[in-house]
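Here is the structure we will look at.
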Amino acid sequence: MCLDQHSFCVSIQNLYVCKLLYLGATPILKRAQSLQTSETIISKEVLERLLDVEKLKYCYECGICTASCPVAELLGKDYNPRALLGKIFLNPKDVLASDALWLCAWCYRCYKRCPQALKLPEIFLLMRTIATEQGYTHPFEKALEKIVKNIPLPLVTTLVCFHPERAGLDKEKVLEKIEQMYKKCSKTEKERMAAKSPEGKVAVIGSGPAGLTVAYELSRKGCDVTIFEALPELGGMLSKCIPEYRLPKQVLTKEVQAIEDLGVETKTSMTVGKDLNFDDLWNEGYKVIFIGTGAHRSQKLKIEGGDLKGVIDALDFLWDINSHKKMEIGKNVVVIGGGNVAVDAAKTALRLKADEATILYRRSRGEMPANPWEVKEAEDEGVKIEFLVAPKKILGENEKVSAIECVRVQLGELDETGRRKPVPIEGSEFSRETDMVILAIGEVPDLEFLPKEIELRENGAVWVNPITMETSLKGVFAGGDAVTGPATVIEAIQAGKRAAESIENYLKSLGG
Ligand code: FAD
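Its first residue numbered 426, the sequence shown is counted upward by one per residue in the numbering used here.
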């Protein structure tokens, strides 16, 4: 039977909240107000800003934020978002001087699971900004040390997960600092490695952050790891789609090289399921296979005109740009979707000199799956967003897109995803001119190559035991977007680390 992890989590959360309410738990804010002293560093105004911005009503300290936080798992006792939130109200001075403040990685998993829907990353950002303004920069350096020591791909994660620049720190200086720490760290890593003996051959399919983490962790433990990657370059979405202006290629190359230097073998332009299959891997003596193939199949928008010239999938668009393919950018670009991919595509179009880039999203701002901060940055850069609009038809002239016909919608009943369903408003159709339509309506894992013994979940992702990350086929583990659907780099790293630990135990159990 497939365990639906999300529904399980939600029902546990509900139980927890009921219990807390029954026991008369005091919301953290109420206690905080009674504990405020004249020494408190957060003024009433700032506290009100937190309340206003975040709609922070109550935190009952249920701990779900910490239990779901990937960084809390990666850093253990060094990071506890629930405790940090508590301290903001009870002892804010301590928080400004604490390295923990800098360790939130913006994945928003805490927010998605919080029974009160508190946006912890936004609260922490406000505190980070105050810390920077008041000159508390030393704690950030301590945080960096922890990131470098405990999290694979520290340069990449600093750029795409931790975002110190959002609180006003200089990005270049931060990267320089990490590189110095990193060099020291990898040297000691290699010295430690030399003493260990190989424990078994491991095949990793996919070289995104999940696969790279498994390779990094296991090669340090002496395993013989080979990565099989379908694309000509390593890095998964990091190299394929995250725009160069957010993650410079040389940063990624350096970190991937450091992992290869640990002795990891890499085979690029090798698609498992096409160039070789699972039986080939077992026959070549691999004892374990890790599936880290991400979610790369774009969902299709089934409307007329989807095959006109000038209509392109967002992943293909970003990939073409990242691989420096020559491409004609429209003047008036329309992006359909509401996630981070849509936001990146629109921002990229503007950078490539489109006159206008407009995102059309069929729900309201509050429902946008993109991170609020990414949306804010995009709007600051000039991206326009139209909410409650659904595309009906793409119109063309001479086989090339010339306009898009849309309809205004309103939100109705909840759908199967728990969000309110957009319902077209009769007679509200309109059309707008465009010469390029980028489709960013979501991605799903492409897992047709898997042997049938590997169970999939209803949403088409790989089913794994959430503790061990083992699939329903013995010796085969999985993690990252292939298991969760599109998520974040830090979550893929967490999954990779969890899987690596289980793989090590599994290999030991084989007597390797
Ligand atoms: P991927 O990174 O997707 O890697 C999977 C790899 O497997 C790919 O290289 C693929 O080619 C390979 N593969 C697939 N099938 C096969 C096969 N059969 N044989 C061999 N190889 C195969 N996350 C953040 O945290 N911050 C961000 O700012 C951010 N921005 C993003 C922007 C964009 C445009 C996109 C698309 C994603 C972004 N993400 C971001 C999400 C993040 O990139 C992913 O969550 C993460 O890369 C998932 O890691 P993964 O290792 O599971 O898979």
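Cβ coordinates follow ideal geometry from the N, Cα and C atoms, glycine included.
Contact the region 691-711 vs the region 836-848: 3+ CB pairs below 8 Å: At 8 Å Cβ cutoff, the stretches do not touch.
Alpha-carbon spacing of A628 relative to F715, whole angstroms: Taking the CA atoms as reference points, A628 sits about 6 Å from F715.
Counting only the same chain and skipping the five closest in sequence on each side, list residues whose C-beta sits under 6 Å from that of A720. Non-local C-beta neighbours of A720 in its own chain, meaning closer than 6 Å and more than five positions away in sequence, comprise E868, V869, P870, D906, G910, P911, ordered along the chain.
Locate the beta strand (DSSP E) running through I714, then write down its first and last residues. Residue range 713-716 is occupied by the beta strand (DSSP E) that includes I714.
P527, buried or exposed, once every other Cβ within 10 Å from all chains shown has been counted against 16: Correcting the residue identity first, residue 527 is Trp in this sequence and not Pro. It counts as buried.
Given this structure, state the Cα-to-Cα distance separating Y931 from F855, to the nearest angstrom. C-alpha separation (whole angstroms): 59 Å.
Buried or exposed for E654, please, with buried defined as at least 16 other CB atoms from any protein chain shown within 10 angstroms of its CB. E654 comes out buried.
Considering only the alpha carbon of each residue, which of C648, K598, E590, A795 lies closest to G762? The option with the nearest alpha carbon to G762 is A795.
Where do the N-terminal and C-terminal ends of the alpha helix (DSSP H) with D649 fall, by residue? For D649, no alpha helix (DSSP H) run applies; the uninterrupted beta strand (DSSP E) run containing it begins and ends at 649-653, by DSSP.
In the DSSP assignment, what are the bridge partners of M861? According to the DSSP secondary-structure assignment, M861 is paired through a beta bridge with V758.
Determine which residues share a DSSP beta bridge with L545 and list them. DSSP lists no partner for L545.
S694 beta carbon near ligand 1 (any heavy atom closer than 7 Å): Incorrect: S694 has no Cβ contact closer than 7 Å to ligand 1.
Could you check the C-alpha separation between P589 and G755 for me, to the nearest Å? One Cα belongs to P589, the other to G755, and the distance between them is close to 33 Å.
Span of the alpha helix (DSSP H), counted from its first residue to its last, around A828: Here A828 belongs to no alpha helix (DSSP H); instead the beta strand (DSSP E) covers 825-839.
Could you check if G867 belongs to the surroundings of ligand 1, using beta carbon to heavy atom distance under 7 Å? G867: no, Cβ never under 7 Å from ligand 1.
Can you tell me which residues form a DSSP beta bridge with T783? Looking at the DSSP assignment, T783 forms a beta bridge with V759, K809.
By alpha-carbon positions, which one of A815, E883, T651, E824 ends up nearest to T842? Of A815, E883, T651, E824, the residue nearest in Cα terms is E883.
With a Cβ-Cβ cutoff of 8 Å, do P673 and I728 count as a contact? No.
Cβ distance (whole Å) where E819 is taken to contact I810 below 8 Å: It is worth fixing the name first, because residue 819 is Ile in this sequence and not Glu. Actually they do not touch by this definition, with Cβ atoms about 19 Å apart.
Less than 8 Å between the beta carbons of R844 and F812, yes or no? Contact flag unset, no.
At what residues does the alpha helix (DSSP H) containing E680 begin and finish? That run of the alpha helix (DSSP H) goes 674-685.
Proximity to R538 [Cα-Cα], best of Y711, S827, N708, C487: Nearest C-alpha to R538: C487.
V581 beta carbon less than 8 Å from that of C529: Between C529 and V581, the C-beta spacing is not below 8 Å.
Just tell me which of V697, N747, D649 has its CA closest to the CA of I630. It is V697.
Could you tell me if K772 is buried or exposed, where buried requires 16 or more neighbouring beta carbons within 10 angstroms of its beta carbon? With 16 or more Cβ atoms within 10 Å of its Cβ, K772 is classed as buried.
Pop quiz: D780 and S827 are said to be a contact at Cβ under 8 Å. What is the actual Cβ separation, rounded to whole angstroms? Rounded, the Cβ-Cβ distance is 16 Å, inconsistent with contact.
Ligand 1 heavy atoms versus the CB of I863: any closer than 7 Å? No heavy atom of ligand 1 is found nearer than 7 Å to the CB of I863.
Does the region 886-896 come close enough to the region 922-929 to have 3 or more Cβ pairs within less than 8 Å? Note that the region 886-896 touches the region 922-929; at least 3 beta-carbon pairs, one per stretch, sit closer than 8 Å.
Can you tell me the Cα-Cα spacing of T691 and T651, whole angstroms? Using only the alpha carbons, I get a separation of about 6 Å.
For ligand 1, is there a heavy atom less than 7 Å away from the beta-carbon of D741? Proximity of the beta carbon of D741 to ligand 1 is not indicated: no heavy atom of the ligand is located closer than 7 Å.
Please classify K922: is it buried, with 16 or more other beta-carbons within 10 angstroms of its beta-carbon, or exposed? That one is buried.
Keeping to the same chain, check which residues put their C-beta closer than 6 Å to that of V713; ignore five residues upstream and five downstream. So the qualifying residues of the chain are V627, G900, I928.
Reducing DSSP to helix, strand and coil, say where P876 ends up. In the three-state reduction of the DSSP assignment, P876 falls in the coil class, being assigned neither a helical nor a strand state.
Quick one: what's G821 bridged to in DSSP? In DSSP, G821 forms a bridge with V826.
Should G593 be labelled buried (16 or more other beta-carbon atoms within 10 Å of its own) or exposed? Exposed, since its Cβ has fewer than 16 Cβ neighbours within 10 Å.
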